[in-house]
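Protein sequences appear in the order of chains A and B. Taking the working numbering, the leading residue of the first sequence gets 120, the next gets one more, and so forth. Taking the working numbering, the leading residue of the second sequence gets 24, the next gets one more, and so forth.
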Amino acid sequence: DGGITQSPKYLFRKEGQNVTLSCEQNLNHDAMYWYRQDPGQGLRLIYYSQIVNDFQKGDIAEGYSVSREKKESFPLTVTSAQKNPTAFYLCASSILQGGYTFGSGTRLTVV
Amino acid sequence: QKEVEQDPGPLSVPEGAIVSLNCTYSNSAFQYFMWYRQYSRKGPELLMYTYSSGNKEDGRFTAQVDKSSKYISLFIRDSQPSDSATYLCAMSDGGFQKLVFGTGTRLLVSP
Chain A
120 DGGITQSPKY LFRKEGQNVT LSCEQNLNHD AMYWYRQDPG QGLRLIYYSQ IVNDFQKGDI
180 AEGYSVSREK KESFPLTVTS AQKNPTAFYL CASSILQGGY TFGSGTRLTV V
Chain B
24 QKEVEQDPGP LSVPEGAIVS LNCTYSNSAF QYFMWYRQYS RKGPELLMYT YSSGNKEDGR
84 FTAQVDKSSK YISLFIRDSQ PSDSATYLCA MSDGGFQKLV FGTGTRLLVS P
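Here it is, written out as structure tokens:
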């Protein structure tokens with residue numbers, strides 16, 4: 120079955136620690152995205168990528184980093200510079216002018 | 024003012040009711056309009072996808088776009104308890120897909 124796999128489902132981060140969220144797709148989609156979802160604020164774009172080895176900042180990129188070394192993979196690193204990282208993180212992919220396919224999300228909590 | 028406005032709800036209806044969910048937007052360049060359904064702790068799933076103005080029907084769901092009023096709607100006929108979820112509108116100006124999302128409306132359908 121084609122789809123997007125996000126892992127882990129739940130992640131706990133200590134203060135000052137970097138953590139990486141995994142996102143893998145087998146839909147052969149060119150574009151991939153990372154969104155953050157907070158209650159009452161909807162989805163906010165962190166980073167997006169149209170092609171391998173190229174990505175652009177979204178609206179709230181500070182404190183985050185990404186890589187796109189393979190078409191199938193778009194990992195997100197939440198760095199210690201992100202002061203309020205507790206949120207639900209969603210990865211998505213799409214073809215041009217098509218709707219997004221979302222993963223099931225990773226819930227990150229600072230402990 | 025947000026680019027896309029959506030009432031957060033909750034909207035509570037009895038089973039069998041017709042549900043109307045709405046979004047307004049300010050960017051006249053938007054051409055592609057989508058509705059996503061998101062169950063609790065899950066990723067959003069694409070329900071309806073429309074281009075420009077007009078209506079689109081799929082089973083119990085009908086999407087309407089009125090570009091002159093910058094207003095889109097999703098109607099759900101014969102609503103079911105399984106329709107209880109958060110409904111997100113999303114839109115883009117075309118080309119490379121970079122969607123702008125509403126904050127979502129929480130719908131509760133009681134048996």
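Beta carbons are placed, not taken as given, at the ideal position from N, Cα and C, and that holds for glycine.
Query: Starting from D157(A), trace the beta strand (DSSP E) both ways and give me its first and last residue.; Result: A150 to D157
Query: Between F124(B) and chain A, is there a C-beta pair that is closer than 7 Å?; Result: yes
Query: Could you tell me whether any Cβ in chain A is nearer than 7 Å to the Cβ of L130(B)?; Result: no
Query: Based on DSSP bridge pairs, tell me the residues matched to I95(B).; Result: C46(B) and V88(B)
Query: Nearest by alpha-carbon distance to A52(B): which of L131(B), S133(B), L122(B) and A86(B) is it?; Result: L122(B)
Query: Please report whether the beta-carbon of F221(A) lies at a distance below 7 Å from any beta-carbon of chain B.; Result: yes
Query: Between R129(B) and the rest of its own chain, which residues show a CB-CB distance below 6 Å, the 5 nearest in sequence each way excluded?; Result: G32, P33 and T109
Query: Leaving out the 5 sequence neighbours to the left and right, which residues in its chain are closer than 8 Å to A40(B) when beta-carbon positions are compared?; Result: S102 and V132
Query: Counting only runs of 3+ residues fully inside the region 45 to 74 of chain B, write out the beta strand (DSSP E) ranges in chain order.; Result: 55 to 61 and 68 to 74
Query: Going along chain A, which residues have a C-beta under 7 Å from P31(B)?; Result: G159
Query: Between which two residues does the beta strand (DSSP E) harbouring A200(A) extend?; Result: Premise fails: A200(A) is in no beta strand (DSSP E) and is neither H nor E.
Query: Would you please state the rounded distance, in angstroms, between the beta carbons of R132(A) and V197(A)? I believe it to be under 8 Å.; Result: 7 Å
Query: In chain order, what residues of the same chain lie with their CB nearer than 6 Å to the CB of N50(B), ignoring the 5 residues before and after it?; Result: E26
Query: To the nearest angstrom, how far is it from the Cα of Q175(A) to the Cα of L44(B)?; Result: 32 Å
Query: What does a CB cutoff of less than 7 Å around Q54(B) pick up in its chain, not counting 5 residues either side in sequence?; Result: Y74, S75, D116 and G117
Query: At a CB-CB cut-off below 8 Å, which residues of chain B make contact with G224(A)?; Result: R64, K65 and G66
Query: With P37(B) as the anchor, note down where its beta strand (DSSP E) starts and where it stops.; Result: L34 to P37
Query: Compile a chain-ordered list of the residues in the region 127 to 142 of chain A whose CB is closer than 8 Å to at least one CB of chain B.; Result: none
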